[in-house]
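Chains as they are written, first to last, in the numbering used here: chain A, 9 to 158; chain B, 9 to 158; chain C, 17 to 100; chain D, 17 to 100. Read the structure below first, then the notes.
Okay, structure coming up:
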């Protein structure tokens, strides 16, 4: 399992290679990459500032990862989340799940993102040419996370 | 849109870069990679031979891609499928979907794989140390494709 | 004349990848073509009278028993697909 | 002594990132700590009496009003998370 909170960019190819190394039993790799998208009203996003809660962030990601490993028949996974100042089109987050079968890989990857969005202590501030504002949480993300409860 | 049937390996990073080039409106990239997995009874898979129907394959993939673009609010996608002789852990197929939001990207990516598995004319033959055999179609793949019908 | 293609296990079982089929006037649908091919006996009879496990296309689009065919068409028969 | 941390918009609104809070004997849960902090008035009163939009953790695990706290714990308050 590979979990990282980091300022630097990540290379999904390297992370996938590391997870799959020496394995002949993996048939499916599902990945999700989240990017900085300009959704400001004036389309003038300059940057996002990503704040987090050092210490708790890593624990929260580990706990979400453990839930996914318990819940689905998957073989390994990675979660990488960046913090600090990011610009439009920069990578923010990467989730990779490897498994024998695609259904489990897709479901676990989507679950990880839904939980990360509502459970991991990260906060985004948008910096536009007009000024700064904290991104508001979305009800749709809360609903998505709740949808996985049995 | 990028659709390709090819003998050579693919580089998901290159394909994603091409899809996202010059865009600031993409927040979500969902990808699926299918690999050659040793599922032979004796765990002695030597290679897969992937046969296809040249001409029809490309049309079938294009038609599946068009369905996904119609069905979800996604911005672009790629489908790359290899043919010929492949060894354990080799890449077989790549699907990439880019979108503003993650739900559409995940759904379209899974839809594309489910349809490709039942609608695109590819056939796998397993070559083990015991001999050769055609891979049987799975009912679970047919069921998965049917599950997307409204 | 209809181009008829066979793929994968079907190609091997029939020992035929491609043929040009001179269709009777009576052969206007896939169902009728299958009946004609089955009359060749042996593996042909076995494979073209089974109900399941045989797919077909006309001019590279998925087709069914009722799909119309005419001279100049490209017809293909193949087992369920297993790509991905 | 309880370490109390504040993040994101809360940190800015309270102009406080971290403090060491000398808890009364009566403060044994998050709910009680929030009541105490609200008594500081101003932004404190406003933020710690709202029902929604305030999350908290105890020793880096998500917590609720009823979660017990004691001297030596690390408590954090923050708005709903927006990562990913």
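The beta-carbon is built from N, C-alpha and C at its ideal position, and this holds for glycine as well. Treat the numbers as computed from the prediction; the structure is a model and nothing was measured.
Review point. Can the beta-carbon of residue 119 of chain B be found less than 9 Å from the beta-carbon of residue 75 of chain B?
Key: yes
**Study point:** Positions along the stretch 115 to 128 of chain B whose CB lies within less than 7 Å of some CB in chain A
**Key:** Contact annotation: in the stretch 115 to 128 of chain B, residues whose CB is within less than 7 Å of a CB in chain A are 118, 121.
Practice item. Closer than 6 Å by C-beta to residue 92 of chain C: which residues in its own chain qualify, once you throw out the five before and the five after it? Chain order, please. Key: 21, 73
Exercise for review: Measure how close the beta-carbons of residue 28 of chain B and residue 87 of chain B come, nearest whole angstrom, since I'm counting them as under 8 Å.
Suggested key: 16 Å between Cβ atoms; not a contact.
Practice item. Please work out which residues of its chain come closer than 7 Å, Cβ to Cβ, to residue 18 of chain C, disregarding the five sequence neighbours upstream and downstream, and give them in chain order. Key: Within the same chain, residue 18 of chain C has close Cβ partners 37, 39, 85, 87, 89, 91.
Check your understanding: For residue 146 of chain A, does the count of other Cβ atoms within 10 angstroms reach 16, so buried, or fall short, so exposed?
Key -> exposed
Check your understanding: Where does residue 19 of chain D fall in DSSP's three states?
Key -> strand
Check your understanding: Using 8 Å as the threshold, is the stretch 85 to 101 of chain A in touch with the stretch 10 to 25 of chain A, meaning 3 or more CB pairs across them?
Key -> Enough Cβ pairs lie closer than 8 Å, so yes.
Practice item. Determine the extent of the beta strand (DSSP E) in which residue 90 of chain A is found, giving its start and end residues. Key: 84 to 90
Point to revise | Strand pairing of residue 60 of chain B, partner residues [DSSP] | key: B:130
Review point. Are the beta-carbon atoms of residue 99 of chain C and residue 43 of chain B separated by less than 9 Å?
Key: no
Review point. Taking the alpha helix (DSSP H) that residue 58 of chain D falls in, what are its first and last residues?
Key: 58 to 65
Check your understanding: Any C-beta of chain C sitting closer than 9 Å to the C-beta of residue 142 of chain B?
Key -> yes
Check your understanding: Which of the three DSSP states, helix, strand or coil, is assigned to residue 71 of chain B?
Key -> Helix.
Check your understanding: If you draw a straight line from the C-alpha of residue 31 of chain C to the C-alpha of residue 115 of chain A, how long is it?
Key -> Cα to Cα, the separation comes out at about 42 Å.
Check your understanding: What are the start and end residues of the beta strand (DSSP E) that includes residue 34 of chain C?
Key -> Note, residue 34 of chain C: beta strand (DSSP E), 34 to 37.
**Study point:** Supposed close pair residue 133 of chain B, residue 56 of chain B - CB separation, criterion 8 Å
**Key:** 7 Å
Review point. For residue 98 of chain A, which option in B:50, B:35, B:19 has the closest C-alpha, if you only look at C-alpha atoms?
Key: B:35
Check your understanding: So is residue 88 of chain D in contact with chain A if we call contact Cβ pairs under 9 Å?
Key -> no
**Study point:** Neighbourhood of residue 51 of chain C by C-beta distance below 8 Å, restricted to the same chain and skipping five residues each side
**Key:** 64
Review point. Apart from the five residues on each side of it in sequence, which residues of its chain come closer than 7 Å, Cβ to Cβ, to residue 6 of chain A?
Key: Here chain A has residues from 9 to 158 only, and residue 6 of chain A is not among them.
Exercise for review: Would you kindly work out how many angstroms separate the C-alpha atoms of residue 47 of chain C and residue 28 of chain C, rounded to a whole number?
Suggested key: 22 Å
Check your understanding: Expressed to the nearest angstrom, what Euclidean distance is found between the alpha-carbon atoms of residue 81 of chain C and residue 66 of chain C?
Key -> 12 Å
Check your understanding: Is residue 62 of chain A buried or exposed, if buried means 16 or more other CB atoms sit within 10 Å of its CB?
Key -> exposed
Practice item. Establish whether the CB of residue 108 of chain A and some CB of chain B are separated by less than 9 Å. Key: Chain B contact via Cβ: present.
Check your understanding: So residue 47 of chain D is in the alpha helix (DSSP H); what residue range does that whole segment cover?
Key -> That run of the alpha helix (DSSP H) goes 46 to 54.
Exercise for review: For my contact list, residue 45 of chain C and residue 142 of chain B are in at a C-beta cut-off of 8 Å; report their separation, rounded to the angstrom.
Suggested key: Contact between residue 45 of chain C and residue 142 of chain B fails: their C-beta atoms lie close to 28 Å from each other, not under 8 Å.
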